[in-house]
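Peer 1:
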Amino acid sequence: MTDKSIRQAHADPGKVHDVVIVGGGPAGLALALALHMAPGVEVDVAVVERGNGEPPNDPRGWAIAEGPRRVLDAVGAWVDVATRSGEVREMVISDTPLGDAVRPSLLNLGGTDNEHDPVAWIVPAGALHGALLMRARETGIAVHTGTSVTGFEQAGAYASLATASGGFIKARLVVAADGVRSPLRSMAGIRTVGWDYGQTGIVTTVSHQFPHEGRAFQHFLPGGPFALLPLPGNRSSVVWTEESGKAKRLLALDDLSFMAEFALRAGPELGDFALEGPRGGFPLNLLIARKFAVQRLALIGDAAHRVHPLAGQGLNLGLKDVAALAEIIVDSLRLGIDPGAVTQLEQYERWRRFDVFQMAVATDGINRLFSPDIAPLRVLRDIGMGLVDRSGLLKTWILREAAGVTGSAPKLVQGLPL
Amino acid sequence: MTKAAPQRTTIDDAEVARFSALSREWWNPAGKFRVLHKFNPVRLAYIRDHVCSHFGHSPQSSKPFEGLRILDIGCGGGLIAEPMARLGAEVVAADASRTNIEVAKIHAEESGVPVDYRETTAEALAEAGEQFDIVLNLEVVEHVADVNLFMEACCAMVKPGGLMFVATINRTPKAFALAIVGAEYVLGWLPKGTHSWDKFVTPAELDEALAGNGMHRIDQTGVFYNVLMDQWRPARDMDVNYMILAAKPA
Numbered sequence: 007m008t009d010k011s012i013r014q015a016h017a018d019p020g021k022v023h024d025v026v027i028v029g030g031g032p033a034g035l036a037l038a039l040a041l042h043m044a045p046g047v048e049v050d051v052a053v054v055e056r057g058n059g060e061p062p063n064d065p066r067g068w069a070i071a072e073g074p075r076r077v078l079d080a081v082g083a084w085v086d087v088a089t090r091s092g093e094v095r096e097m098v099i100s101d102t103p104l105g106d107a108v109r110p111s112l113l114n115l116g117g118t119d120n121e122h123d124p125v126a127w128i129v130p131a132g133a134l135h136g137a138l139l140m141r142a143r144e145t146g147i148a149v150h151t152g153t154s155v156t157g158f159e160q161a162g163a164y165a166s167l168a169t170a171s172g173g174f175i176k177a178r179l180v181v182a183a184d185g186v187r188s189p190l191r192s193m194a195g196i197r198t199v200g201w202d203y204g205q206t207g208i209v210t211t212v213s214h215q216f217p218h219e220g221r222a223f224q225h226f227l228p229g230g231p232f233a234l235l236p237l238p239g240n241r242s243s244v245v246w247t248e249e250s251g252k253a254k255r256l257l258a259l260d261d262l263s264f265m266a267e268f269a270l271r272a273g274p275e276l277g278d279f280a281l282e283g284p285r286g287g288f289p290l291n292l293l294i295a296r297k298f299a300v301q302r303l304a305l306i307g308d309a310a311h312r313v314h315p316l317a318g319q320g321l322n323l324g325l326k327d328v329a330a331l332a333e334i335i336v337d338s339l340r341l342g343i344d345p346g347a348v349t350q351l352e353q354y355e356r357w358r359r360f361d362v363f364q365m366a367v368a369t370d371g372i373n374r375l376f377s378p379d380i381a382p383l384r385v386l387r388d389i390g391m392g393l394v395d396r397s398g399l400l401k402t403w404i405l406r407e408a409a410g411v412t413g414s415a416p417k418l419v420q421g422l423p424l
Numbered sequence: 056m057t058k059a060a061p062q063r064t065t066i067d068d069a070e071v072a073r074f075s076a077l078s079r080e081w082w083n084p085a086g087k088f089r090v091l092h093k094f095n096p097v098r099l100a101y102i103r104d105h106v107c108s109h110f111g112h113s114p115q116s117s118k119p120f121e122g123l124r125i126l127d128i129g130c131g132g133g134l135i136a137e138p139m140a141r142l143g144a145e146v147v148a149a150d151a152s153r154t155n156i157e158v159a160k161i162h163a164e165e166s167g168v169p170v171d172y173r174e175t176t177a178e179a180l181a182e183a184g185e186q187f188d189i190v191l192n193l194e195v196v197e198h199v200a201d202v203n204l205f206m207e208a209c210c211a212m213v214k215p216g217g218l219m220f221v222a223t224i225n226r227t228p229k230a231f232a233l234a235i236v237g238a239e240y241v242l243g244w245l246p247k248g249t250h251s252w253d254k255f256v257t258p259a260e261l262d263e264a265l266a267g268n269g270m271h272r273i274d275q276t277g278v279f280y281n282v283l284m285d286q287w288r289p290a291r292d293m294d295v296n297y298m299i300l301a302a303k304p305a
């Protein structure tokens with residue numbers, strides 16, 4: 007899939023871009039598109055990507071809530087993704103040790119906000135990445151593939167990125183969208199806080215005997231949360247958390263034994279299962295950058311934060327970063343203000359940090375609360391979830407929060423143009 | 056864009072070095088002029104929105120000021136002049152301080168923004184017959200020796216149908232408490248002695264000066280600092296910082 011509109015050439019050395027985004031993943035591409043498509047403003051934006059620009063073979067499924075979905079819609083990537091995504095209409099959450107045959111559901115979320123709208127969508131990672139790449143090509147955004155960044159330097163009116171091939175790319179604002187291990191974040195000397203969960207997320211796709219009817223299942227098992235997330239047809243995306251050593255052994259099993267272990271955890275609701283896609287393992291950790299922005303550099307997506315996947319908030323947080331940063335950049339340009347000035351970027355940080363921190367604490371807390379198989383804890387959390395289930399207001403709040411539409415949300419998250 | 060030191064014949068290398076250091080200081084958003092950097096977006100938004108609605112340009116565009124000739128009088132390090140030029144205006148920026156002008160020139164060269172910086176006064180520009188669509192008169196009247204003379208020169212340079220923005224500090228007890236005691240002594244935002252209270256100008260005094268020079272006020276707003284948000288916001292309260300927009304009949 008080579009395409010000449012993805013420009014491979016290095017940037018003109020004398021040129022200073024408005025914005026250069028390092029990392030051509032979903033967050034980086036969505037930001038490039040949002041800036042490129044902003045009405046009235048011509049934003050000179052380029053993307054620098056280490057890889058070859060092809061969507062990686064990623065077995066993950068992303069949960070996307072309504073607010074972040076609007077961001078994808080605004081950049082024109084949703085149409086393609088929608089048909090390949092599953093609609094979540096109900097979340098069934100249970101908490102049962104492995105041996106129990108019956109799993110009483112603790113909490114049924116769904117139907118309390120708007121009967122007709124899905125609670126979330128489950129988007130295959132590859133499909134999303136592919137749709138964003140296609141949009142980037144269609145709109146003619148410069149994507150410099152095969153380009154590694156080896157240095158970041160602030161040079162007064164702009165920042166300069168050194169590339170592995172000995173060139174330099176200059177921009178008034180550099181955006182780090184280069185993932186959880188963000189080399190750019192390290193080059194800029196931004197430190198992080200966080201810890202490993204000692205857990206690995208096993209991800210794959212399965213087909214099942216009975217239709218899921220839009221139900222997402224989350225079983226809080228001793229090894230960690232186990233989620234089945236609906237995809238089109240009788241298929242579901244799997245996020246299966248286990249202690250890392252155990253996950254490694256499970257991943258090493260042949261398909262038959264793997265699926266036997268899987269069936270033990272999946273519960274009876276969907277009947278028999280069959281493996282539908284490759285398996286992958288992702289070590290889970292919590293990581294938050296101490297700063298989301300410094301002079302001439304902003305961090306988005308996993309480069310800024312990584313949270314436990316149990317609430318399916320990883321890409322949602324990233325797309326909210328995209329919406330907030332795009333709005334601040336475009337507002338700056340419409341005032342003739344340097345978009346890389348830290349006074350502007352501080353607004354981005356203030357806007358996003360609380361949301362990210364809240365989600366990190368919530369997912370971390372839930373994971374800790376649910377993982378140990380201690381009877382009194384189970385009773386406590388069963389009561390807690392039961393209370394939530396009976397309280398309409400609280401349920402509505404949780405749903406709205408999960409949909410990402412509370413608070414002073416960025417325009418793109420609210421479905422408004424920039 | 057070249058990074059070579061600007062070639063000047065009238066000043067020596069040591070001075071260029073001093074100006075470069077000062078330029079970095081003016082433009083350091085975390086430095087001495089942080090308060091101006093924080094203040095800038097609210098002033099710029101006010102200017103942009105009113106200019107666009109007056110001249111019928113789109114505020115969504117990144118070049119809404121194309122075709123407009125703007126004077127920034129008392130431009131300092133160029134914190135307003137550069138954004139004006141970026142928005143597409145032809146900008147003349149004047150300051151009586153040679154240091155400020157050199158500092159601003161160095162930064163504009165570095166950023167590749169075309170601004171015509173001049174070490175001169177409003178009176179001299181008016182004398183030379185300069186005319187502008189928009190005169191920006193921001194945080195200056197509280198520093199000049201003769202407000203009426205200064206306003207006369209500024210008003211004379213506004214083309215018929217043109218605009219003048221005046222931003223300054225009101226002469227009220229609240230302004231004394233906040234803009235002098237608060238900003239200079241308590242928060243240390245501004246060097247002590249930056250402002251003297253008796254030189255602050257009331258909106259009524261500005262109205263009078265405008266009316267005497269063929270212009271009239273068409274809008275006004277207070278600007279207030281929200282401590283919790285660390286942000287300046289437009290406000291109805293004009294007791295401390297405020298802005299006035301005046302028009303000259305076509």
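Line by line, the protein sequences give chains A and B. For the first sequence, my numbering gives the first residue as 7, with consecutive numbering after it. For the second sequence, my numbering gives the first residue as 56, with consecutive numbering after it. Ideal Cβ placement from N, Cα and C applies to all residues, glycine included.
With H, G and I counted as helix, E and B as strand and the rest as coil, what does DSSP make of proline 130 of chain A?
Peer 2: Strand.
Peer 1: Cβ of serine 108 of chain B less than 7 Å from any chain A Cβ?
Peer 2: False, the Cβ-Cβ gap to chain A never drops below 7 Å.
Peer 1: Does any CB atom of chain A fall closer than 7 Å to the CB of glutamate 145 of chain B?
Peer 2: Glutamate 145 of chain B does not count as touching chain A.
Peer 1: Which bits of chain B does leucine 341 of chain A rub up against, with CB to CB less than 7 Å?
Peer 2: Per Cβ cutoff of 7 Å: Pro96, Leu99, Ala100, Arg103 and Pro138.
Peer 1: Can you give me the Cβ contacts of arginine 285 of chain A inside the same chain, cut-off strictly under 8 Å, excluding the 5 residues immediately before and after it?
Peer 2: Closer than 8 Å at Cβ, skipping near neighbours: Pro65, Ile208, Val209, Thr210, Leu257 and Phe264.
Peer 1: Verify the CB distance criterion: does proline 45 of chain A have a CB-CB separation below 7 Å to chain B?
Peer 2: Closer than 7 Å: yes.
Peer 1: Between glutamate 165 of chain B and chain A, is there a C-beta pair that is closer than 7 Å?
Peer 2: So, interface residue.
Peer 1: Say whether the segment 175-192 of chain A touches the segment 217-237 of chain A, bearing in mind that this needs 3 or more beta-carbon pairs closer than 8 Å, one atom from each stretch.
Peer 2: Touching, no.
Peer 1: Can you tell me where the beta strand (DSSP E) with tryptophan 287 of chain B in it begins and where it stops?
Peer 2: Tryptophan 287 of chain B -> beta strand (DSSP E) spans 286-290.
Peer 1: Of all Cβ atoms in chain A, is any one closer than 7 Å to the Cβ of leucine 77 of chain B?
Peer 2: So no, leucine 77 of chain B is outside the interface.
Peer 1: Since arginine 178 of chain A contacts glycine 20 of chain A with CB under 8 Å, what's their CB separation in whole angstroms?
Peer 2: So it is not a contact: roughly 14 Å between Cβ atoms.
Peer 1: Compare the C-beta of serine 116 of chain B against all C-beta atoms of chain A and say whether one is closer than 7 Å.
Peer 2: For serine 116 of chain B, the answer is yes, since a Cβ of chain A falls inside 7 Å of its Cβ.
Peer 1: Give a yes or no on whether 7 Å exceeds the smallest Cβ distance from glutamate 333 of chain A to chain B.
Peer 2: Taking Cβ atoms only, chain B never reaches closer than 7 Å to glutamate 333 of chain A, which makes this a no.
Peer 1: Considering histidine 162 of chain B, what are the terminal residues of the alpha helix (DSSP H) in which it resides?
Peer 2: Run containing histidine 162 of chain B: 153-166, per the alpha helix (DSSP H) assignment.
Peer 1: Of all the alpha helix (DSSP H) runs that stay within the bounds of the segment 59-92 of chain A, which reach a length of 4 or more residues?
Peer 2: The segment 59-92 of chain A contains these whole alpha helix (DSSP H) runs: 72-80 and 84-88.
Peer 1: Once the 5 residues before and after isoleucine 343 of chain A are set aside, which same chain residues still bring their CB inside 7 Å of it?
Peer 2: Cβ neighbours of isoleucine 343 of chain A beyond the five flanking positions: Gln350.
Peer 1: Which residues in chain B sit within 8 Å of alanine 347 of chain A, going by Cβ to Cβ distance?
Peer 2: By Cβ distance, chain B contributes Pro84 and His92.
Peer 1: In whole angstroms, what is the alpha-carbon distance linking leucine 113 of chain A and isoleucine 273 of chain B?
Peer 2: Note that leucine 113 of chain A scores a pLDDT of 49, beneath 50, so its modelled location is shaky and nothing firm can be said.
Peer 1: Quick one: what does DSSP say glycine 132 of chain B is sitting in, helix, strand or coil?
Peer 2: If DSSP states are grouped into helix, strand and coil, glycine 132 of chain B belongs with coil.
Peer 1: Going by CA-CA distance only, name the one from A/Arg312, A/Gly229, A/Leu270 and A/Ala266 that's closest to lysine 252 of chain A.
Peer 2: Closest option to lysine 252 of chain A, Cα to Cα, is A/Gly229.
Peer 1: For alanine 137 of chain A, which residues from the same chain have a beta carbon less than 7 Å from its beta carbon, with the 5 sequence-adjacent residues on both sides left out?
Peer 2: Correct list, in chain order: Ala83, Asp86 and Val87.
Peer 1: Given a cut-off of 7 Å, decide if threonine 227 of chain B and aspartate 294 of chain B are closer than it, judged by their beta-carbon atoms.
Peer 2: Result yes, Cβ atoms of aspartate 294 of chain B and threonine 227 of chain B sit closer than 7 Å.
Peer 1: With respect to the beta strand (DSSP E) encompassing alanine 177 of chain B, which residues constitute its N-terminal and C-terminal limits?
Peer 2: Counting along the chain, alanine 177 of chain B falls outside any beta strand (DSSP E), though it belongs to the alpha helix (DSSP H) covering 177-182.
Peer 1: Find the nearest neighbour of lysine 101 of chain B within the set B/Val196, B/Leu300 and B/Ala305, judged by alpha-carbon distance.
Peer 2: The displayed chain sequence assigns tyrosine, not lysine, to residue 101 of chain B. If we check each option's Cα against that of tyrosine 101 of chain B, B/Leu300 comes out closest.
Peer 1: Please confirm whether glycine 162 of chain A has its beta-carbon closer than 7 Å to some beta-carbon of chain B.
Peer 2: Yes, because at least one Cβ of chain B sits closer than 7 Å to the Cβ of glycine 162 of chain A.
Peer 1: Roughly how many angstroms lie between the CA atoms of glycine 30 of chain A and histidine 314 of chain A, to the nearest whole one?
Peer 2: Taking the straight line from one Cα to the other gives about 23 Å.
Peer 1: I need the DSSP call for glycine 324 of chain A, collapsed to helix, strand or coil.
Peer 2: DSSP places glycine 324 of chain A in helix when its eight states are reduced to three.
Peer 1: Just to confirm my understanding: we take leucine 261 of chain B, look at its own chain, exclude 5 residues before and 5 after, and list those with CB closer than 7 Å. What are they?
Peer 2: Closer than 7 Å at Cβ, skipping near neighbours: Val221 and Ile299.
Peer 1: Could you give the residue range of the beta strand (DSSP E) that holds asparagine 281 of chain B?
Peer 2: 271-281 is the extent of the beta strand (DSSP E) around asparagine 281 of chain B.
Peer 1: For the segment 43-70 of chain A, which residues have a CB atom closer than 7 Å to at least one CB atom of chain B, in sequence order?
Peer 2: Listed by position along the chain: Pro45, Gly46, Val47 and Glu48.
Peer 1: Taking all protein chains shown into account, decide if glutamate 137 of chain B is buried (16 or more other Cβ within 10 angstroms of its Cβ) or exposed.
Peer 2: Per the 10 Å Cβ criterion, buried.
Peer 1: Identify every residue that forms a DSSP beta bridge with glutamate 48 of chain A.
Peer 2: The partner list for glutamate 48 of chain A (beta bridge, DSSP) is empty, contrary to what the question assumes.
Peer 1: Does any residue of chain E bring its CB to less than 7 Å from the CB of arginine 141 of chain B?
Peer 2: Absent from the structure: chain E. Protein chains present are A and B.
Peer 1: Can you list, in chain order, the residues of its chain with a C-beta nearer than 8 Å to that of phenylalanine 216 of chain A? Leave out the 5 residues immediately preceding and following it.
Peer 2: Excluding positions up to five away in sequence, the list reads Asn240, Glu275, Leu276 and Gly277.
Peer 1: Count Cβ pairs between the segment 263-278 of chain B and the segment 197-213 of chain B that sit closer than 8 Å; are there 3 or more?
Peer 2: The segment 263-278 of chain B is in contact with the segment 197-213 of chain B.
Peer 1: Between which two residues does the beta strand (DSSP E) harbouring isoleucine 294 of chain A extend?
Peer 2: Residues 286-295.
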